[in-house]
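Contents: one structure, followed by commentary.
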Amino acid sequence: MNPSGYNKPGKTFLFTSESVGEGHSDKMCDQISDAVLDAYLAKDPDSKVACECVSKTGMILLCGEVTSKAVVDLQKVVRDTVKNIGYDDSSKGFDYKTCNVLVSLQPQCSEISDCVFEGRDMEDIGAGDQGLMFGYATDETEECMPLTILLAHKLNAKMKELSKTGVCPWILPDSKTQVTVEYRDNMGAMEPLRVHTLVISVQHSPDITLEDIRHNLMEKVVKAVIPAKYLDDKTIYHLLPSGKFLVGGPQGDAGLTGRKIIVDTYGGWGGHGGGAFSGKDYSKVDRSGAYAARWVAKSLVKAKLCRRVLVQISYAIGISHPLSVSVFHYGTSTREEDELLEIVKNNFDLRPGVIVKELDLKKPIYQKTACYGHFGREGFPWEKPKKLIF
1 MNPSGYNKPG KTFLFTSESV GEGHSDKMCD QISDAVLDAY LAKDPDSKVA CECVSKTGMI
61 LLCGEVTSKA VVDLQKVVRD TVKNIGYDDS SKGFDYKTCN VLVSLQPQCS EISDCVFEGR
121 DMEDIGAGDQ GLMFGYATDE TEECMPLTIL LAHKLNAKMK ELSKTGVCPW ILPDSKTQVT
181 VEYRDNMGAM EPLRVHTLVI SVQHSPDITL EDIRHNLMEK VVKAVIPAKY LDDKTIYHLL
241 PSGKFLVGGP QGDAGLTGRK IIVDTYGGWG GHGGGAFSGK DYSKVDRSGA YAARWVAKSL
301 VKAKLCRRVL VQISYAIGIS HPLSVSVFHY GTSTREEDEL LEIVKNNFDL RPGVIVKELD
361 LKKPIYQKTA CYGHFGREGF PWEKPKKLIF
């Protein structure tokens, strides 16, 4: 969607977002990468980590760069993460006890560390790479997130809860959801009218019928998660549309860190600079810059300066200040975009070395971000709006 273009007022349209569960092969890799990052940060907050993960049947590979004073038992970190996800028996297609864990991690390239950190105060460290990042916020939900992605995440989280508590023991770790919402454009602001279509696919044990699966998904997942006001007799439900889902996780599809970047952010709304988050410490602006951009966007919406906003930030390696900061309000503000940009510049210091202090990004908080979205959830510093002076 063109950030500076507006739909015809009153126009209705459909928009779709998807999410995946903890046991999805790519999401499992994201969680492992962030578990490794957290393990290093817990012992050495200044660790520099770029950890990628690959998974396939019976195998996990860690590869990347780590410079740290910490000594970490990577075998234990990986196996504990897989166990917590729920892959604890070969009958589920993966088993934390018997999988092979391969490690290929080496120190960060000195050329990068020299140009980013050498001879600099903390506040003036350079960006760890070039890149562009987006932050988005909308007043359509209390969380300032699009309803489509919010509901898609909550459906997956509910299935995990039902499995973990034993209410639905037939639910296995891998799952996917997709939510289509009918919206009305109100002068650039998004107003959700109804849920048009729901898709839920979940890995299951072989001892349950398709009829029982669909009944449970409707009664214990859909009706528990989707507010009744959004459901009507025209809502379309595709509950386990494949008919069966016995082979899941890495056995069904190879997994890779960073392949669910739209799931991690805004479900296709706003924009995305292309950089993944998981496995990266704060010096990688793919992550810290995107968190800061979300912080800025949510702060603007919560201050009622606009109803919907997209913020773009760009950086260059070794340069501390952003190369550019842009604000697009979709026509939802009484102020000009230049005015909002000035407010942003007066209230936020977007140098990576300042972002890390204000958002407390040296703490081992990242594994919690690696499933159900990095944004729109309580407990993360970038989700606490800043009180703006304007």
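Per the UniProt record's numbering, the sequence shown runs over residues 1 to 390. Idealized CB from N, CA, C, for every residue including glycine.
Three-state secondary structure assigned by DSSP to residue i
{"i": "leucine 300", "result": "helix"}
{"i": "arginine 351", "result": "coil"}
{"i": "histidine 215", "result": "helix"}
{"i": "lysine 43", "result": "helix"}
{"i": "cysteine 144", "result": "coil"}
{"i": "phenylalanine 375", "result": "coil"}
{"i": "threonine 177", "result": "strand"}
{"i": "glycine 273", "result": "coil"}
{"i": "glycine 166", "result": "coil"}
{"i": "glutamine 203", "result": "strand"}
{"i": "lysine 387", "result": "coil"}
{"i": "threonine 138", "result": "strand"}
{"i": "glycine 289", "result": "helix"}
{"i": "isoleucine 32", "result": "helix"}
{"i": "methionine 1", "result": "Low local confidence applies: a pLDDT of 46 at methionine 1 is under 50, so the model's placement there is unreliable, with the coordinate-based value given in what follows. Three-state result, methionine 1: coil."}
{"i": "proline 381", "result": "helix"}
{"i": "methionine 187", "result": "coil"}
{"i": "serine 19", "result": "strand"}
{"i": "lysine 160", "result": "helix"}
{"i": "lysine 280", "result": "strand"}
{"i": "threonine 209", "result": "coil"}
{"i": "histidine 153", "result": "helix"}
7 Å Cβ cutoff met for residue i and residue j
{"i": "threonine 67", "j": "glutamine 108", "result": "yes"}
{"i": "leucine 172", "j": "lysine 92", "result": "yes"}
{"i": "methionine 133", "j": "alanine 370", "result": "no"}
{"i": "serine 333", "j": "glutamine 312", "result": "no"}
{"i": "serine 299", "j": "isoleucine 355", "result": "no"}
{"i": "glycine 131", "j": "glycine 273", "result": "yes"}
{"i": "proline 192", "j": "leucine 150", "result": "no"}
{"i": "isoleucine 85", "j": "proline 352", "result": "no"}
{"i": "glycine 270", "j": "tyrosine 136", "result": "yes"}
{"i": "methionine 28", "j": "glycine 255", "result": "yes"}
{"i": "tyrosine 330", "j": "arginine 308", "result": "yes"}
{"i": "alanine 127", "j": "serine 17", "result": "no"}
{"i": "isoleucine 32", "j": "valine 78", "result": "yes"}
{"i": "glutamine 203", "j": "glycine 166", "result": "no"}
{"i": "alanine 224", "j": "lysine 164", "result": "no"}
{"i": "threonine 257", "j": "cysteine 115", "result": "no"}
{"i": "valine 296", "j": "valine 344", "result": "yes"}
{"i": "aspartate 281", "j": "valine 49", "result": "yes"}
{"i": "residue 391", "j": "lysine 56", "result": "Since the first and last residues shown for the chain are 1 and 390, residue 391 lies out of range."}
{"i": "glycine 376", "j": "methionine 218", "result": "no"}
{"i": "arginine 259", "j": "aspartate 26", "result": "yes"}
{"i": "arginine 194", "j": "tyrosine 230", "result": "yes"}
{"i": "proline 364", "j": "leucine 105", "result": "no"}
{"i": "threonine 177", "j": "threonine 197", "result": "no"}
{"i": "leucine 37", "j": "tyrosine 366", "result": "yes"}
{"i": "proline 385", "j": "aspartate 360", "result": "no"}
{"i": "aspartate 95", "j": "aspartate 89", "result": "yes"}
{"i": "lysine 69", "j": "aspartate 44", "result": "yes"}
{"i": "valine 285", "j": "tyrosine 315", "result": "yes"}
{"i": "arginine 214", "j": "leucine 239", "result": "yes"}
{"i": "asparagine 347", "j": "leucine 310", "result": "no"}
For residue i, the residue or residues it bridges with in DSSP
{"i": "lysine 56", "result": "Met59"}
{"i": "glutamate 182", "result": "Leu14 and Arg194"}
{"i": "lysine 48", "result": "Thr67"}
{"i": "isoleucine 171", "result": "His204"}
{"i": "leucine 132", "result": "Ser314"}
Contact belief for residue i with residue j at Cβ below 8 Å, rounded distance in angstroms
{"i": "glycine 23", "j": "serine 175", "result": "7 Å"}
{"i": "valine 263", "j": "valine 71", "result": "The pair is not a contact, with the Cβ atoms about 33 Å apart (cut-off 8 Å)."}
{"i": "aspartate 129", "j": "alanine 189", "result": "Not quite, the Cβ-Cβ distance comes to about 35 Å (not below 8 Å), so this is no contact."}
{"i": "histidine 374", "j": "threonine 265", "result": "7 Å"}
List in chain order: all unbroken alpha helix (DSSP H) runs of 4+ residues lying wholly within the region 303-367. 337-347 and 352-358
Segments of 3+ residues assigned as beta strand (DSSP E) that fall wholly inside the region 212-270: The qualifying runs are 236-239.
Mind listing, in chain order, the continuous alpha helix (DSSP H) runs of no fewer than 4 residues lying wholly within the region 55-127? Taking only runs of at least 4 residues, the alpha helix (DSSP H) segments lying wholly in the region 55-127 are 74-85 and 110-117.
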